[in-house]
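All residue numbers for the sequence shown refer to our numbering, where the first residue is 116 and numbers rise by one.
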Amino acid sequence: MNENNTKSIWKVIGASSMGTLIEWYDFFIFGSLSIVISTKFFPAENPTAAFLSTLATFAAGFVVRPFGALFFGRLGDIIGRKYTFMVTLMLMGGATFLIGCIPSYDTIGFWAPLLVLILRLLQGLALGGEYGGAATYVAEHAPLGQRGYWTSWIQTT
């Protein structure tokens, strides 16, 4: 592989890895803040039920990941991986931002956990679509015979 190809593949890996890092960071903020989320977006009468509901909402994001992979994988085949990758990043960032904007359960009642769940599902769809697209994008730019090596760099994030 010549020097120009090496620089080019590192640019692709860097962009894909940063995107993956940002997506997983956004995804796991929810898990890290699950105690806080349970007190803000779920009824306070039963803290244990509120916490378990928060964990179930966290899990819901994982459950829909395969559907995101199917949807965004197909979309990437049709309109291009780079564009689809940007859509998944914006979807994840937008959903994360909107979760932060939702008023508390005390303010809007049952709408708070419902909105959190819907946005969490969007995060899961985005994450499911992002990783496969990033790996494929890197593989398409990697030299023949070295695709496994170059795509493995995405896992370092």
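All C-beta atoms, glycine included, are put in the ideal place defined by N, C-alpha and C.
Cα separation between residue i and residue j?
i	j	result
F200	P218	30 Å
T154	L136	28 Å
S132	A250	9 Å
D221	Y140	28 Å
G244	L232	18 Å
S147	A241	19 Å
F166	T121	48 Å
A175	L229	12 Å
Y198	L170	32 Å
G188	K126	22 Å
When you compare each of the options to residue i by their alpha carbons, which one comes out closest?
i	options	result
I223	M207, I150, D141 and P158	P158
F145	I269, L237 and Q261	L237
R235	F143, G134 and T163	F143
Taking 8 Å as the limit between beta carbons, can you name the residues of its chain near residue i, skipping five residues before and five after?
i	result
T266	A250, V253, A254 and A257
V178	G239
In chain order, each alpha helix (DSSP H) run of at least 4 residues that lies wholly inside the region 140-187:
Whole alpha helix (DSSP H) segments, 4+ residues: 149-156 and 162-178.
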